[in-house]
Structures are given as C-alpha cells and as structure tokens.
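Novice: Below is a structure I'd like to ask you about.
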Amino acid sequence: MKLGEEYFNWELKERIRYWDEENFLSEAETLNEKEIYLFAKNVLKESSEKLYCKRRALQDLLTLVYRGKVKPRRIIGLLLDEWEGEQETSLECLRLKYLSLFYQNESDDIKEILKEKSNDKNCEIVSEASYQMGLIQIFDANDTLSKKDYQIKIAAAESFFESAEKNDDNRIDARILKLICQYLIDSLSFKSKSADELYLRIMALIWETRLLSLDECSNAVFIGISRCISKLQKIKCENPDYWIDYRKEFNYLCVQFYELKNVEYKENSFFEKVVKDTSEKIIEHFIEPIFKFNYKAALSKIDVLLNQDSIVDVEKGFLNYLKNIVISDTISGQDTSLSYIKEIYPMVNDTDIEEFIKGLHESNKTVAVWKLLESTKRYSYDVLLNSIVNACVKLQGNHIYRNASEDDRNGFIKNILETAGFYVKDQTRWGISNTGKSAGEVDLLIEEKNSPYSIIEALNLSSLNENYLNLHINKIFKYDTTGLPFNFIVSYVKIKDFGVFWEKYKKHITEHKYPAELETIDFSIDNEFYYSGIKIVLTKHNRNGVITGLYHICVNISE
427 MKLGEEYFNW
437 ELKERIRYWD
447 EENFLSEAET
457 LNEKEIYLFA
467 KNVLKESSEK
477 LYCKRRALQD
487 LLTLVYRGKV
497 KPRRIIGLLL
507 DEWEGEQETS
517 LECLRLKYLS
527 LFYQNESDDI
537 KEILKEKSND
547 KNCEIVSEAS
557 YQMGLIQIFD
567 ANDTLSKKDY
577 QIKIAAAESF
587 FESAEKNDDN
597 RIDARILKLI
607 CQYLIDSLSF
617 KSKSADELYL
627 RIMALIWETR
637 LLSLDECSNA
647 VFIGISRCIS
657 KLQKIKCENP
667 DYWIDYRKEF
677 NYLCVQFYEL
687 KNVEYKENSF
697 FEKVVKDTSE
707 KIIEHFIEPI
717 FKFNYKAALS
727 KIDVLLNQDS
737 IVDVEKGFLN
747 YLKNIVISDT
757 ISGQDTSLSY
767 IKEIYPMVND
777 TDIEEFIKGL
787 HESNKTVAVW
797 KLLESTKRYS
807 YDVLLNSIVN
817 ACVKLQGNHI
827 YRNASEDDRN
837 GFIKNILETA
847 GFYVKDQTRW
857 GISNTGKSAG
867 EVDLLIEEKN
877 SPYSIIEALN
887 LSSLNENYLN
897 LHINKIFKYD
907 TTGLPFNFIV
917 SYVKIKDFGV
927 FWEKYKKHIT
937 EHKYPAELET
947 IDFSIDNEFY
957 YSGIKIVLTK
967 HNRNGVITGL
977 YHICVNISE
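911 is the number that our numbering gives to position 485 of the sequence shown; each next residue is one higher, with no gaps.
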C-alpha cells in the first residue's frame, strides 16, 4: 500500500500491529523523504490517534534520521516549530528527550524550549526538561577553556539534575548524574575524601540500576560517564612511591589511561560527544595534574623503561606522553607543586613559600620543612567558611537533626569544626549582651591560640521573622567588641519554598540597619559552593574605619 493511504481507516488493533511489526520502517526504504515525514507528522497531529501509535511514529522517524532516510532538519522543524499545543505528558517528554539530541544543530532554540518546560506545571515534564538541560550543561562544560568555567557549568548541570530528581522520584539516572557532578566538583576542589565517598555511592547506585533494569541501563549515558570517573578513580589511587615492579605498574596505568581516552558511546552523536568530551576534560583537568605532581620522582624509572628493547609501542607511547607531562612543569621554570600547596592550604601565604624556598638553599633544610608544615596549621577564614558549609551539608543529610533544637544543631556543627582542626567554645559568656548591660551568650566562639578568631551565631527559622533575625544579627556586633575580620550567622530554615525565602532574606539584609555601616554585599560568594539547599552571602561593614565581614548562611532543613 502507499504509505498512510489506508492507515487512518484501520481499527486500533491493526494500527498497533503495524507499529509492532515495524512496517513503517520497512516501507520507508522504498519511499522518499517527504512521504516518510508527512506520514509521521500526520500520525502525530491526528487528535484521535492513540498515544502508543504517536510515540512509535516519533521513535521510528528518529530511527530513519539515523539511517539517513530523513534529514535532521525535518525532525528538528517538527519538534521545534510544528509541535502543536499541549500533548500527552509521555509524548511531550519524548519530544524534549529528542530535542537535546540535536542540540548541536539548534542550540539556542532548543535550550529556550527546555528552560521554558523546566518551569512547567507538570512535574514529569519539568523532570525531563531539567534532565536534558543537565546533559546540555555537561556538553557546554566540555567546550569551556578554563577550569573555573568548567566547574561553573558542571555546578549548573548538578542543579538541573537535582531538579529532575526532585520532580520525579524514579529518576535514578538524574540522581547518578547529580552525584557525578558533585564528584567532579569535589575532585577539582581537592576534596578527596568527599569525592571518594561520592564515588562509592555512584557505583552502588549504578549496580542497583543494573539489577533492576539491565536492558535500559546498558545504553544510559551515565554509564559512559561513570566509566570515565571509574578510570579516574583508579588512576588517583596509584602511588608510585609504593611500587615494586615498575614495569607492571606502569603497564596497568597505561591500560587505565587508554581505556579512559578511548571510551566509546555510540547510541547517538549527542550522547557520544557528551561522553567522549567528558573523557577529554577529565584527562585535562584531573589526570594530567595527577601525573605532574605524583610522577616526578619516577622520572628516572620512566627513562629506564623507555630504553628497554622489550617495551611495546603502546607502552612506549604512553611513557613518552607521561614523561612530557611530568617535565612540562620543569621547562616552565615554575615550581607548580608550591602553587598546589597554596591551593590545598589557603592559610599558606607568599611569605611562607618564599621562606621555604630560601630555607631549602641553606644548610638546615629540616627547619624549612618544619616551618612550612607549621604554617599549614594556621587558621584561615576560607577554610573556616568551607568547614562550616561542609558541616551544614552533613547536618542536612542527618535525619536526626530534622526536628532538632538550635542547641543540638549547634553541637553537631561544633563537632564537625573540631574535627576540621578548629578550637570551638559553645555558649561562652563573652562580650556584652544585646541590651548592653551584662555579658552576652555566644553560640559558638572560634579561638586561635587562646584569642577570639570568629563568632558563629545560629538560629532556627520557620519563616522570615524579621524581628527575630534582626535580634541575632545585631547580637553578633554586640558580642564582637574587638571587631574580628569575619563572623558568621547560620540560619536553620525549615520552610516549604526555600527559594522564595532566600529572595526575601537577601532583600531584608540589604535594607537592614546594621550597628556597623553596611559597605557592600557580595552575592557571588554563593556561586563558589553550588548547593541549592545552602545559600551564602557576605555583607561587609565599616567598623571604625576597618572593613569587617559577616557571612550569612541559610541551610534548608527539609522534611
């Protein structure tokens, strides 16, 4: 029969059989592009047609695009411009999924539709749109030039995957990709312990999905990306200082590296590029720095192996690549490992580094090393901020504290900070009270060498109670009689719409009359942490001609 000539006169069971027996795909082999496209389009636009048949028409049309029978612009035009009105949820979700496959062709228009649908009233549609936006953010991240831009894009992807999971509890694929994004962010931030924990969670979830749905998961894009981080994790765990058989260990390293570099994913070109480019970025931002810092001492061993006649070409190519990576720092004339120390230990300053380098050229190198190690124990407000945020993350994940008192939550934060190396006093009588008549009670006081270092004031909020919030904000300035460089106010927020609360909070602290004049507000600090359930802003104040800072941290304590 001529395609579509009798189709719409058939009974439902005949139409279903038509799709089940893949007659459309068979007949399309003898038809031109226009006939194929118009038939699929008519099936999709027929209001009385059943959802199953519409989905099959769209699925088979995509198959014919991949087979080269239909040009991509045909299906792109159908999904973008000729899609009419509101469709059944399942069909709309399929449309959004297919749109992302052609992101390279019409990036702006496709992104606009996905963003619009990510705010739809239908949770399933929001979930699918958010999931596809997350994949697109990873795609865009792989095109970035700097590590910072890469991290920002990956954080945006994490946020979209979190939204996808939030709107559909069954989106285990979104949960896995969210954790993968967190793993990449933590690895870039040198949070090795956290990254290792995330890796174990990711692998456990992937194992779970394979047990539940073997067929579907074999082609899921997160499987491809998880293979990449699996190779990264194995390479991270290698320590050449403990190697005995260097030939064997370098061969293992070579296998892991090339498996990462040559990772394949052939379901479609978009997913293939996402997986392949993620592999390249992992090599650029993670693997090569590991090689630079961990294998300098093994350079002589590499040279020995390269001179062996028995070495095969693949090993030789890898060892030459590794050697070039290792010596690239030396050629530049910069000691990158010292910069690496500063990234890991923000409390180490340029003076510490200069004295260390000077000490290495003097007779007593042990003293130089000891002084540098001592400087790493110095407190840092950056480290304190990171530690408080980390404590808040752990608090969020602990169900015991969902309905806990302020004191119990503060106790938890105190324990985490002490584990991080800070000396913390809780509810200490110090300073003057809010009324100015007697000593006030500080929630948490950080001390360094018996001197006040920072104040942490905390409160429970179930709404934006402005009077109560003002009381706690003002108390910090009353407690802090010396004018410490940075203090913290932490709000444990238990409210339905955390996003709306945060907007109100920002407005309030912008308009609030502080005991010390407000100089500036830094909202960008929140972008450094990428948590949707933890928000941070820094207000800076003029205290007798000296600028001091107050970090506002709001933690979403959900049910």
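Note that CB positions come from ideal geometry on N, CA and C, so glycine has one too.
#1: Straight-line CA distance for E832 to N913?
#2: Report the CB separation of I580 from A567 in whole angstroms; it is logged as a contact under 8 Å.
#3: For N886, name the three-state secondary structure that DSSP assigns.
#4: Rounded to whole angstroms, what's the CA-CA distance from G847 to I536? Just pull it up for me.
#5: State the Cα-Cα distance for the pair K460 and F450, rounded to the nearest angstrom.
#6: Do L748 and L731 come within 8 Å of each other at the CB atom, strictly closer than that value?
#7: Under 8 Å between the Cβ atoms of S979 and V916?
#8: Exposed or buried, what is C607 when buried is set at 16 or more other beta-carbons lying within 10 Å of its beta-carbon?
#9: Confirm, please, whether the CB-CB distance from H934 to Y890 is below 8 Å.
#10: Taking contact to mean 3 or more Cβ pairs, one atom from each stretch, closer than 8 Å, check whether the region 442-458 and the region 480-494 are in contact.
#11: Would K784 be called buried (16 or more neighbouring beta carbons within 10 Å of its own) or exposed?
#12: When you compare only the Cα positions, how much space is there between D594 and C549?
#13: Based on Cα-Cα distance, which residue from E440, S556, K851, K619 lies nearest to D599?
#14: Near S585, which residues of its chain fall below 6 Å by C-beta distance, leaving aside the five closest residues on each side in sequence?
#15: For K662 and L810, I'd like the C-alpha separation in whole angstroms.
#16: Does N458 have its Cβ less than 8 Å from a Cβ in chain C?
#17: Counting along the chain, where does the alpha helix (DSSP H) carrying E929 start and finish?
#18: Over what stretch of residues does the beta strand (DSSP E) that includes F914 continue unbroken?
#19: Please state if the CB of I602 and the CB of A583 are separated by a distance shorter than 8 Å.
#20: Can you confirm whether the region 459-473 touches the region 491-506 when touching is taken to mean that 3 or more C-beta pairs between the two stretches lie within less than 8 Å?
#21: Assign T756 to one of two classes, buried (16 or more other C-beta atoms within 10 Å of its C-beta) or exposed (fewer than that).
#22: Quick one: give me the first and last residue of the beta strand (DSSP E) that G975 is part of.
#23: Can you tell me the Cα-Cα spacing of E642 and T974, whole angstroms?
#24: Give a yes or no on whether the C-beta atoms belonging to F528 and E472 are separated by under 8 Å.
#25: Can E526 and L490 be called in contact, C-beta distance under 8 Å?
#26: Is any heavy atom in the ligand ADP found nearer than 7 Å to the beta carbon of I728?
#27: Looking at the strands, I want to know which residues DSSP matches up with N968.
#28: Would I751 and E710 be called neighbours here (beta carbons separated by less than 8 Å)?
#29: Rounded to the nearest angstrom, how far is the Cβ of H898 from that of E883, given a contact under 8 Å?
#30: Can you look up D569 in the DSSP assignment and give me helix, strand or coil?
#31: May I ask you to list the residues that DSSP assigns as paired with Y849?
#32: By alpha-carbon positions, which one of R969, S705, V700, F955 ends up nearest to Q558?
#33: Determine which residues share a DSSP beta bridge with I960 and list them.
#34: Who are P878's beta bridge partners in DSSP?
#35: V815 and I578 - do their beta-carbons sit closer together than 8 Å?
#36: Taking S880 as the reference, give the member of S736, S888, P911 with the closest Cα.
Specialist: Taking the geometry as given:
#1: Taking the straight line joining both Cα atoms gives about 18 Å.
#2: Their Cβ separation, rounded to whole angstroms, is 5 Å, which keeps I580 and A567 in contact under 8 Å.
#3: Assigned with DSSP and collapsed to three states, N886 falls in strand.
#4: Rounded to the nearest angstrom, the gap between the Cα atoms of G847 and I536 is 48 Å.
#5: Cα to Cα, the separation comes out at about 14 Å.
#6: In terms of Cβ geometry, L731 and L748 do not form a close pair [threshold 8 Å].
#7: The residue you asked about is not Ser; residue 979 is Ile in the sequence shown. Cβ distance < 8 Å, so I979 and V916 count as in contact.
#8: Buried: at least 16 other Cβ atoms inside 10 Å.
#9: The sequence as given places Leu at residue 890; Tyr does not occur at that position. Result yes, Cβ atoms of L890 and H934 sit closer than 8 Å.
#10: Contact between the region 442-458 and the region 480-494 is present: three or more C-beta pairs spanning the two stretches fall below 8 Å.
#11: Classified as exposed, K784 has fewer than 16 neighbouring CB atoms from the shown chains inside 10 Å of its CB.
#12: Near 7 Å, if we compare the C-alpha coordinates of C549 and D594.
#13: That would be S556, whose Cα lies nearest to the Cα of D599.
#14: Around S585: S958.
#15: Answer to the nearest angstrom: the Cα atoms are 27 Å apart.
#16: Considering every chain present, this structure includes no chain C. It has just one protein chain.
#17: Unbroken alpha helix (DSSP H) run through E929: 924-937.
#18: Under the DSSP assignment, F914 falls in the beta strand (DSSP E) whose first and last residues are 912-919.
#19: No. Outside cutoff.
#20: The region 491-506, when compared against the region 459-473, does touch it at the 8 Å Cβ threshold.
#21: Bear in mind that a pLDDT of 42 at T756, under 50, signals an unreliable position, so the number given afterwards is only what the model happens to contain. So T756 ends up on the exposed side.
#22: Counted as a single uninterrupted DSSP element, the beta strand (DSSP E) harbouring G975 occupies residues 972-982.
#23: Because E642 carries a pLDDT of 43, less than 50, the predicted location of this residue cannot be relied on, and the following value inherits that uncertainty. One alpha carbon belongs to E642, the other to T974, and they sit about 55 Å apart.
#24: Taking 8 Å as the Cβ cut-off, F528 and E472 do not qualify as a contacting pair.
#25: Rather than Glu, the amino acid found at residue 526 in this sequence is Ser. Result no, Cβ atoms of S526 and L490 do not sit closer than 8 Å.
#26: The ligand content of the structure shown is nil, which means the ligand ADP is not present either.
#27: For N968, which the question treats as bridged, DSSP gives the partners E943, I973.
#28: Against a cut-off of 8 Å, the Cβ pair of E710 and I751 comes out as no contact.
#29: The C-beta separation of H898 from E883 comes to about 5 Å, placing the pair in contact by the 8 Å criterion.
#30: It is coil, neither helix nor strand.
#31: Partner(s): E873.
#32: Of the candidates R969, S705, V700, F955, the one whose C-alpha sits nearest the C-alpha of Q558 is V700.
#33: BP columns for I960 point to V981.
#34: Per DSSP, the beta bridge partners of P878 are E873.
#35: No, the Cβ-Cβ distance between I578 and V815 is not below 8 Å.
#36: The shortest Cα separation from S880 among S736, S888, P911 belongs to P911.
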